[in-house]
Structure formats: C-alpha cells, structure tokens
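Novice:
In the working numbering, the protein residues as written are -12 to 121.
(1) Could you have a look at residue 95 and say whether DSSP puts it in helix, strand or coil?
(2) For residue 47, report the span of its beta strand (DSSP E) as first-last.
(3) Using only the alpha-carbon positions, how far apart do residue 15 and residue 58 sit?
(4) Distance check for residue 84 and residue 13, CA to CA, integer angstroms please.
(5) Candidates 108, -5, 109: which alpha carbon is nearest residue 34's?
(6) When you compare each of 98, 5, 38, 8 to residue -7 by their alpha carbons, which one comes out closest?
(7) Tell me the rounded alpha-carbon separation between residue 43 and residue 110.
(8) Would you kindly work out how many angstroms separate the C-alpha atoms of residue 62 and residue -12, rounded to a whole number?
(9) With a cut-off of 8 angstroms on the beta carbons, I'd call residue 46 and residue -10 a contact; round off their distance for me.
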C-alpha cells in the first residue's frame, strides 16, 4: 500500500495491518506487536527521510508460518541505525523497539531508496482452524 509521507500514515498502517491479521486468526497480542513494529518503521521513515517529488512511502506485509514480515520503502538511501538515547531524550528508541519485537530486521537498497523490513513472530488465536485440527 502507498501512504503519504506524513506522521498520520502510521495510524492508517496500524489500522490496515490490524484488520488484515485479525482476519487471518492472529492472536490479538501478536497483532499489537506487529502494528507497533510497523508504526515504528513508518515513523522512522517519515522522521528521517524527505519526500522526493511528493512521493509517499510503500508499506507491505506478508504472513508466513512463523510470523509477519513488515516492509517500509522510502526515498532515502541512508541506512537506519539503532541509537542508544539517554533517559532525558524523548525519542530515538524506534529501532530498539523493532529489535526487541522482531526476530530479524534489516535494510535492502532499492532503485529509489531503501526498504526496511522486520519479521515479527506471531501466535495464532484459539479459533484458528489450523490449530484446532478442523
């Protein structure tokens, strides 16, 4: 999905991912973790990159047997790096949150910038037919 290069895009992404994962029977606590990671990746892209010619951000996610991969594409080639802010700083913890919740994350260069991705392990809800043997 394409979203504007704006702080409001994180809420749109959270809503879309949450609804999609709920339809796939993902446990609500796991959905919260995935949408937090997605929100941090979108927020970092908005905060640390500039919109090239009004282009927005590309956001997509895919579900596999072990988790959800969230990807955010932006127009900057600069690679993000986790920071270690001191207690008085109000920001700078986004990638540390991603590291804590994802089992893997990374950056891939693209023709128009980069794609930052994270794979978040998820649990399936009790009503998931795959778990109940139906």
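Every residue gets a Cβ at the ideal spot worked out from N, C-alpha and C, and that includes glycine.
Specialist: Inspection of the coordinates gives the following:
(1) Position 108 of the chain shown, counted from the first residue, corresponds to residue 95. The answer is strand: DSSP assigns residue 95 an E or B state.
(2) In the chain shown, counting from the first residue as 1, residue 47 sits at position 60. Its beta strand (DSSP E) spans residues 44 to 50.
(3) Walking along the chain shown from the start, residue 15 turns up at place 28. Walking along the chain shown from the start, residue 58 turns up at place 71. Taking the straight line from one Cα to the other gives about 20 angstroms.
(4) As a first step, residue 13 is located in the chain shown; it is residue number 26 there, counting from the start. As a first step, residue 84 is located in the chain shown; it is residue number 97 there, counting from the start. Roughly 21 angstroms separates the two Cα atoms.
(5) For the purposes of this step, residue 34 is taken as residue 47 along the chain shown, with counting starting at 1. Measuring from the Cα of residue 34, the nearest candidate turns out to be -5.
(6) Locating residue -7 in the chain shown gives position 6, counting from the first residue. Looking from the CA of residue -7, the closest CA among 98, 5, 38, 8 belongs to 38.
(7) Along the chain shown, one-based indexing puts residue 43 at 56. Along the chain shown, one-based indexing puts residue 110 at 123. Spanning the two alpha carbons is a distance of roughly 31 angstroms.
(8) Taking the chain shown and counting its residues from 1, the one referred to as residue 62 is at position 75. Taking the chain shown and counting its residues from 1, the one referred to as residue -12 is at position 1. Cα-Cα distance, rounded: 15 angstroms.
(9) One-based indexing of the chain shown puts residue 46 at position 59. One-based indexing of the chain shown puts residue -10 at position 3. At roughly 6 angstroms, the Cβ-Cβ gap stays under 8 angstroms, so residue 46 and residue -10 are in contact.
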